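Q:
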């Protein structure tokens, strides 16, 4: 069976590609494959892999994950994005963007794209952005008569911007794996991320002009009926989240704070925005901008309207829900980290890394090709 040894890395990778489509949890797929192939390698050739090497994994996991200060930014960025979603800030932002872009061809699709760009700078996670925009934007786009292909494509495309636009969780992980500065990776990803978002915008405008039936124009009367209401809408729905994102990214890019420190500021800022949106503004009687289910929009009182104490209880309920969701998401992510540590260790131990290096060198691509 020793002849099987050189093929184990390829079999390991092929098994991963197959099982990822099975719907089984990724963390268990990664960790389970690493463990199974470790035993297979031992029985194929004890000199290829010694089971006793599994004893070094707890130290690798604890030292590489549990004691890694860079990764502490991940739960705080997740908390910030989840809080902005659950507090209604994201919903208000979408309504505001609809009004601002109502005269532009494909205005609603553009609003969803810009919302995806802004949410990418808050959540940093693809799944969170796609699910959030599917719940908020897809029913509205269908109601406005947008083509299903354009609606779903816009949401799927703009939702994936979270993997590239800072503070992307993936960039934090890559910075740790490559031993590079998180801030430098954030700076490097800004231009490509916004270029991709800009290309989406250009495509939507061109498609809406060439095929007006797939993106009907929003009603001209949509939005506030006076200048004071217009500025009130901007002050309540648009300025706060954009200001928070600017402070978080600006502190990182300007060198005023590390990504971990900026994540803490963002999480605290999201709590403050949620308190203002759910408790303070309703208690002060500040009207809320909303759509009535048709083509109209109006200002009205906060839907709860139960007073300061009731709104405060509602805020604490939202905060508790956000903490639970953050813990669940964080647990899934770090479970994947643990499984990936076992998988990559086994792939390297079986000689997979050396085989990949030899294959790339054999291609002779040169520096630019690499």
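Numbering (our numbering), first residue to last: 19 to 388. Backbone N, C-alpha and C define an ideal beta-carbon position, used for all residues, glycine too. Only a predicted model underlies this, so the values are computations on that prediction, with no experimental measurement involved.
Quick check on this structure: which residue in 295, 299, 276, 298 has the alpha carbon closest to the alpha carbon of residue 92?
A: In the chain shown, counting from the first residue as 1, residue 92 sits at position 74. Out of 295, 299, 276, 298, 276 has the C-alpha closest to the C-alpha of residue 92.
Q: Within its chain, find whatever has a CB closer than 6 angstroms to the CB of residue 232; leave out the 5 residues flanking it on each side and keep chain order.
A: Within the chain shown, numbered from 1, the residue matching residue 232 stands at position 214. Hits under 6 angstroms: 165, 168.
Q: Let me make sure I understand the geometry here. Which of 125, 114, 108, 363 has the alpha-carbon closest to that of residue 138?
A: Position 120 of the chain shown, counted from the first residue, corresponds to residue 138. Of the listed residues, the one whose Cα sits closest to residue 138 is 108.
Q: Does residue 276 come out as helix, strand or coil in the three-state DSSP assignment?
A: Within the chain shown, numbered from 1, the residue matching residue 276 stands at position 258. If DSSP states are grouped into helix, strand and coil, residue 276 belongs with coil.
Q: So is residue 361 buried or exposed if we call it buried at 16+ other beta carbons inside 10 Å?
A: For the purposes of this step, residue 361 is taken as the residue at position 343 of the chain shown. Classification for residue 361: buried.
Q: Counting pairs of beta carbons, one from the stretch 171-182 and one from the stretch 194-203, are three or more of them closer than 8 angstroms?
A: They do not touch, by the three-pair rule.
Q: Please classify residue 341: is it buried, with 16 or more other beta-carbons within 10 angstroms of its beta-carbon, or exposed?
A: Here the question's residue 341 lines up with position 323 in the chain shown. Exposed, by the Cβ-count rule.
Q: Quick one: what's got a C-beta closer than 6 angstroms to residue 37's C-beta in the same chain, skipping five residues either side?
A: If you number the chain shown from 1, residue 37 lands on position 19. Result list for residue 37: 47, in chain order.
Q: When the distance is taken between beta carbons, is residue 288 closer than 7 angstroms to residue 98?
A: Locating residue 98 in the chain shown gives position 80, where the first residue counts as 1. Locating residue 288 in the chain shown gives position 270, where the first residue counts as 1. Yes, they are a contact pair.
Q: Near residue 347, which residues of its chain fall below 6 angstroms by C-beta distance, leaving aside the five closest residues on each side in sequence?
A: By one-based count along the chain shown, residue 347 stands at place 329. The residues are 96.
Q: According to DSSP, is residue 122 helix, strand or coil?
A: On the chain shown, residue 122 is found 104 positions in, with the first residue counted as 1. If DSSP states are grouped into helix, strand and coil, residue 122 belongs with coil.
Q: State the DSSP-derived secondary structure class of residue 295, mapped to helix, strand or coil.
A: By one-based count along the chain shown, residue 295 stands at place 277. Residue 295 falls in the helix class under three-state DSSP.
Q: To the nearest angstrom, how far is it from the Cα of residue 193 to the Cα of residue 221?
A: Position 175 of the chain shown, counted from the start, is the residue given in the question as residue 193. Position 203 of the chain shown, counted from the start, is the residue given in the question as residue 221. Cα to Cα, the separation comes out at about 32 angstroms.
Q: Spatial neighbours of residue 79 within its chain, please: CB distance less than 6 angstroms, with the 5 preceding and 5 following residues excluded, ordered by chain position.
A: Counted from its first residue, the chain shown places residue 79 at position 61. Once the five neighbours on either side are set aside, the close Cβ partners of residue 79 are 356, 359.
Q: Just to confirm the assignment, what range does the alpha helix (DSSP H) spanning residue 58 have?
A: For the purposes of this step, residue 58 is taken as the residue at position 40 of the chain shown. 44-62 is the extent of the alpha helix (DSSP H) around residue 58.
Q: Taking 7 angstroms as the limit between beta carbons, can you name the residues of its chain near residue 188, skipping five residues before and five after?
A: Along the chain shown, read from residue 1 onward, the residue named residue 188 stands at position 170. These residues qualify, in order along the chain: 181.
Q: Spatial neighbours of residue 293 within its chain, please: C-beta separation below 7 angstroms, excluding the five flanking residues on both sides.
A: Walking along the chain shown from the start, residue 293 turns up at place 275. Around residue 293: 333.
Q: Looking at C-beta atoms only, is the number of pairs between the stretch 119-129 and the stretch 213-228 that lie closer than 8 angstroms three or more?
A: Verdict: yes, contact present.
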